[in-house]
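Under UniProt numbering, the first residue of the sequence shown carries the number 1, and numbering increases by one thereafter. These notes concern the structure reproduced below.
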Amino acid sequence: MSSDTDIDLDSPGLAFSKLLMLAKPGRVKALLPDEMLDILDGLEPGFSTSKKLTALAVNMLDPTETLQNDTLRDSVISLMPLKKARELCTKLGTPAGRNPFDDALKLASDEENFPALLSFFGVIDDPTAPGAQLPGNDRAPVGYGLFEHQRVAARRTERMLFEGPHRGVLHMPTGAGKTRTAMHLVASHLSASEPTLVVWLAQNIELLDQAADEFQKSWRFLGNRDVGLWRLWGNKRVDLANAKDGLVVAGLGKMSALEKNSVNELLTLADRVSLVIIDEAHQAIAPTYRSVLDALATKRATTRLLGLTATPGRTWDDLSKDEELSEFFGREKVMLEIEGHPDPVTYLMEEGYLARPHFRTLNVQAGLDLSQEDMKGLSQAIDVPGDVLERLGQSTQRNLRIISECEHLVSSHRRVIVFAPSVANARMLAAIMVARGTEALVVTGESAPAARERAIRRFKSQAPEPIVMFNYGVLTTGFDAPQTSAAIIARPTKSLVLFSQMVGRATRGVRAGGNETSEIVTVTDTEMHGFGDVADAFCNWEDVWNERNC
Numbered sequence: 001m002s003s004d005t006d007i008d009l010d011s012p013g014l015a016f017s018k019l020l021m022l023a024k025p026g027r028v029k030a031l032l033p034d035e036m037l038d039i040l041d042g043l044e045p046g047f048s049t050s051k052k053l054t055a056l057a058v059n060m061l062d063p064t065e066t067l068q069n070d071t072l073r074d075s076v077i078s079l080m081p082l083k084k085a086r087e088l089c090t091k092l093g094t095p096a097g098r099n100p101f102d103d104a105l106k107l108a109s110d111e112e113n114f115p116a117l118l119s120f121f122g123v124i125d126d127p128t129a130p131g132a133q134l135p136g137n138d139r140a141p142v143g144y145g146l147f148e149h150q151r152v153a154a155r156r157t158e159r160m161l162f163e164g165p166h167r168g169v170l171h172m173p174t175g176a177g178k179t180r181t182a183m184h185l186v187a188s189h190l191s192a193s194e195p196t197l198v199v200w201l202a203q204n205i206e207l208l209d210q211a212a213d214e215f216q217k218s219w220r221f222l223g224n225r226d227v228g229l230w231r232l233w234g235n236k237r238v239d240l241a242n243a244k245d246g247l248v249v250a251g252l253g254k255m256s257a258l259e260k261n262s263v264n265e266l267l268t269l270a271d272r273v274s275l276v277i278i279d280e281a282h283q284a285i286a287p288t289y290r291s292v293l294d295a296l297a298t299k300r301a302t303t304r305l306l307g308l309t310a311t312p313g314r315t316w317d318d319l320s321k322d323e324e325l326s327e328f329f330g331r332e333k334v335m336l337e338i339e340g341h342p343d344p345v346t347y348l349m350e351e352g353y354l355a356r357p358h359f360r361t362l363n364v365q366a367g368l369d370l371s372q373e374d375m376k377g378l379s380q381a382i383d384v385p386g387d388v389l390e391r392l393g394q395s396t397q398r399n400l401r402i403i404s405e406c407e408h409l410v411s412s413h414r415r416v417i418v419f420a421p422s423v424a425n426a427r428m429l430a431a432i433m434v435a436r437g438t439e440a441l442v443v444t445g446e447s448a449p450a451a452r453e454r455a456i457r458r459f460k461s462q463a464p465e466p467i468v469m470f471n472y473g474v475l476t477t478g479f480d481a482p483q484t485s486a487a488i489i490a491r492p493t494k495s496l497v498l499f500s501q502m503v504g505r506a507t508r509g510v511r512a513g514g515n516e517t518s519e520i521v522t523v524t525d526t527e528m529h530g531f532g533d534v535a536d537a538f539c540n541w542e543d544v545w546n547e548r549n550c
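The structure is reproduced here in structure tokens:
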């Protein structure tokens, strides 16, 4: 166990960072991934046995996430001085017995003791994290304008929804403000229909958070009465029987479970719904979600269905799926149409709404030994399978190239975002960048809400030093950090939709608080797809849609 020297044993608790700094590097190694240590030792021999390793652990390890992990928590407790182990037992409700460490390990594994465990190590949860304290039920008090191109799109969309099949897609490139435009449509619809329900569907937590927040902002200025706002995703629980006038923001997974377990409740809800909006419309024809949309949008003949998307298709080369998606939305689509401009993306760049991206390709030999089964899976899967992504993240040569590219980009960019192929890879790359002297942050689907909010807030801050954000799976949609001027897409995908979303994180223009230009680096692996110009992506499916230019 750790020595008692240099620690004030009489003060209550023990700061997590203090414990790590006082531990020997050889013992701290147990808290860090072996593959990361191998790379660091390769870059700087002896790194994993130096005090630099301890400093890295302090910067890399989030106390909450570390203490939630059974194995890592046990390693942390084993570093404690004997007196502090006894104190921890008392803090967790039971005086220590003959073996305080065994007692502390057992008590710390009890979920009910977790808040007290965090308190002992000086961890205070962030009450401002989105969703941390938000109720399922809320009120939206009765704020905001649209650019001209957004107003035109909103008018065309309203006409589309009240003519023909009462359904269609609003197609606006990433960064053009499709969510804001759609909120004007929601507010207009709610104001004209009383009482009525609008249902907003999305798959990603960030998109759902964004929709609820944007509705409250918009309704404050655009609404004509107080209405309800129901949040239904993650662990949120609401009684939909009381949802009669306002907006229901719901996760597709949550609604799919409702259809499976209580279809009558879903159909009863549909009786009160007059407008359904699905963000990232390409999700609509997935069998699990299509039945939910059918239940909500076809129960009443007058219910409208609107899909939102930056790229109205599911893949790059599967025209049959794009045709199916077009058919589902009645082949009706509104896109930006600006007189005198060959395509809307060019207009948005010239007018400063979008940054002009410069694309580069980083060709990498990852050393994957793909079997025939792997190759078959790659060809048949909708996207690159998770196990292949994990293996890419374990390639030392690939990781070294990405680190080198990051170090090149931070010499000329203040905010860089990296899309990693896995959670573990995102964490490892961030730790290596920190060890190399660059501030790096991590956000993944496994991040605690408070930790995620702290990281995003820091990344979006006005701090002058360069910061690299590594992420997997949560910032592709619904995340807006306009200062971001460079992106490394190291997460291969067969979906042009996902690729476009990733590019969009670094293409906010000057008029949106962003940049004139941006740099997009796509890591290209053998047997993986790469993509080119964002304008081509935006116009790729025009032949399967009837465009509304009215």
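Quick reminder that beta carbons are idealized off the backbone N, C-alpha and C, glycines included.
| message | Could you tell me the alpha carbon to alpha carbon distance between L105 and E44, rounded to whole angstroms? | response | Position 105 of the sequence shown, counted from the first residue, corresponds to residue 105. Position 44 of the sequence shown, counted from the first residue, corresponds to residue 44. L105 and E44: Cα-Cα distance of roughly 35 Å.
| said: Please state the DSSP three-state secondary structure of residue 552. | reply: The displayed coordinates of the chain run from 1 to 550. Any statement about residue 552 would go beyond what the structure contains.
| said: In the DSSP output, what is D200 paired with across the bridge? | reply: As a working mapping, residue 200 is identified with position 200 in the sequence shown. Reading the sequence as shown, one finds Trp at residue 200 and not Asp. Answer is V249 and I277.
| query | Would you call the region 66-81 and the region 12-29 touching, i.e. three or more CB-CB distances under 8 Å? | reply | yes
| query | Within this structure, are the beta carbons of A211 and V249 separated by less than 7 Å? | reply | Position 211 of the sequence shown holds residue 211. Position 249 of the sequence shown holds residue 249. Result yes, Cβ atoms of A211 and V249 sit closer than 7 Å.
| For I432 and M36, the rounded distance between their alpha carbons | Stepping through the sequence shown from its first residue, residue 36 is reached at position 36. Stepping through the sequence shown from its first residue, residue 432 is reached at position 432. Between M36 and I432, the C-alpha separation is close to 7 Å.
| request: Kindly confirm or deny that the region 238-249 and the region 319-326 touch, where touching means at least three C-beta pairs closer than 8 Å. | output: no
| field | One or two residues paired with L362 in a DSSP bridge | value | Along the sequence shown, one-based indexing puts residue 362 at 362. Note: L362 sits in a beta bridge opposite V523.
| Comparing alpha-carbon positions, which option in V334, P342, A490 and R457 lies nearest R159? | For the purposes of this step, residue 159 is taken as residue 159 along the sequence shown, with counting starting at 1. Out of V334, P342, A490 and R457, V334 has the C-alpha closest to the C-alpha of R159.
| field | Test item: CB-CB of G223 and G246 under 7 Å | value | Here residue 223 refers to the residue found at position 223 when the sequence shown is read from its first residue. Here residue 246 refers to the residue found at position 246 when the sequence shown is read from its first residue. Not closer than 7 Å, so no.
| message | Let me confirm a value: D209 is counted as buried when at least 16 other C-beta atoms fall within 10 Å, else exposed. Which label applies? | response | Counted from its first residue, the sequence shown places residue 209 at position 209. So D209 counts as buried.
| task | State the start and end residues of the unbroken alpha helix (DSSP H) segment that holds M433. | result | Counting from 1 along the sequence shown, the entry for residue 433 is found at position 433. Segment V423 to A435, the alpha helix (DSSP H) holding M433.
| query | Does the Cβ of D110 have 16 or more other Cβ atoms within 10 Å, making it buried, or fewer, making it exposed? | reply | Against the sequence shown, residue 110 aligns to sequence position 110. Per the 10 Å Cβ criterion, exposed.
| task | Tell me, please, which residues DSSP counts as bridged to R27. | result | Counted from its first residue, the sequence shown places residue 27 at position 27. Note: R27 sits in no beta bridge, so no partner.
| request: Look at I520 and P357 and say whether their C-beta atoms are less than 7 Å apart. | output: Reading the sequence shown from its first residue, position 520 is the one you call residue 520. Reading the sequence shown from its first residue, position 357 is the one you call residue 357. Yes, the pair counts as a contact, with Cβ atoms nearer than the cut-off.
| request: Rounded to whole angstroms, what's the CA-CA distance from R331 to L348? Just pull it up for me. | output: Taking the sequence shown and counting its residues from 1, one reaches residue 331 at position 331. Taking the sequence shown and counting its residues from 1, one reaches residue 348 at position 348. Whole-angstrom Cα-Cα distance: 25 Å.
| Buried versus exposed call for D279 [16 or more other C-beta atoms within 10 Å across all chains shown] | Locating residue 279 in the sequence shown gives position 279, counting from the first residue. That one is buried.
| For A426, which of Q394, W233 and K29 has the nearest alpha-carbon? | As a first step, residue 426 is located in the sequence shown; it is residue number 426 there, counting from the start. Among Q394, W233 and K29, the Cα nearest to that of A426 belongs to Q394.
| request: Would you kindly work out how many angstroms separate the C-alpha atoms of T94 and L118, rounded to a whole number? | output: The count along the sequence shown starts at 1 and reaches residue 94 at position 94. The count along the sequence shown starts at 1 and reaches residue 118 at position 118. Cα to Cα, the separation comes out at about 17 Å.
| query | Apart from the five residues just before and just after R511, which ones in its own chain have a Cβ nearer than 6 Å to its Cβ? | reply | Translated into the one-based positions of the sequence shown, residue 511 becomes position 511. Around R511: G352 and Y353.
| request: Measuring alpha carbon to alpha carbon, tell me which of V169, S274, Q203 and G504 ends up nearest V418. | output: As a position in the sequence shown, residue 418 is number 418, starting the count at 1. For the residues V169, S274, Q203 and G504, the minimum Cα distance to V418 belongs to G504.
| field | Host beta strand (DSSP E) of N224 (start-end) | value | Here residue 224 corresponds to residue number 224 of the sequence shown, with the count starting at 1. N224 -> no beta strand (DSSP E), and no H or E assigned at all.
| request: Specify the secondary structure class of C550 as computed by DSSP and reduced to three states. | output: Residue mapping note: residue 550 aligns to position 550 of the sequence shown, counting from 1. Note that C550 scores 38 on pLDDT, short of 50, meaning its location in the model is unreliable and no value can be drawn from it.
| Quick one: is G168 buried, meaning 16 or more other Cβ sit within 10 Å of its Cβ, or exposed? | Stepping through the sequence shown from its first residue, residue 168 is reached at position 168. Buried: at least 16 other Cβ atoms inside 10 Å.
| field | Residues of its chain near D38, where Cβ-Cβ distance is below 8 Å and the 5 sequence neighbours each way are ignored | value | One-based indexing of the sequence shown puts residue 38 at position 38. If we look at D38 and ignore the five residues flanking it on each side, its Cβ neighbours are T396.
| query | Would G145 be called buried (16 or more neighbouring beta carbons within 10 Å of its own) or exposed? | reply | In the sequence shown, counting from the first residue as 1, residue 145 sits at position 145. By the neighbour-count rule (16 or more Cβ atoms within 10 Å), G145 is not buried but exposed.
| Excluding the five sequence neighbours on either side, which residues of its own chain have a C-beta within less than 6 Å of the C-beta of G97, listed in chain order? | For the purposes of this step, residue 97 is identified with residue 97 of the sequence shown, where counting begins at 1. So the qualifying residues of the chain are D103.
| message | Tell me the DSSP secondary structure of G330 in three-state form. | response | Translated into positions along the sequence shown, residue 330 becomes position 330. Coil.
| query | Any idea what DSSP makes of A129, helix, strand or coil? | reply | Counted from its first residue, the sequence shown places residue 129 at position 129. The pLDDT assigned to A129 is 47, lower than 50, so where the model puts this residue is not dependable; a value taken from the coordinates is nonetheless given after this. If DSSP states are grouped into helix, strand and coil, A129 belongs with coil.
| task | Name the residue from E194, Q203, M183 and Q462 whose alpha carbon lies nearest to the alpha carbon of D213. | result | Position 213 of the sequence shown, counting from 1, holds the residue named residue 213. For D213, the nearest C-alpha among the options comes from M183.
| task | Tell me where the alpha helix (DSSP H) around A104 begins and ends. | result | The residue you call residue 104 lines up with position 104 of the sequence shown. Element bounds for A104: P100 to A108.
| Can you tell me where the alpha helix (DSSP H) with H189 in it begins and where it stops? | Translated into positions along the sequence shown, residue 189 becomes position 189. Its alpha helix (DSSP H) spans residues K178 to A192.
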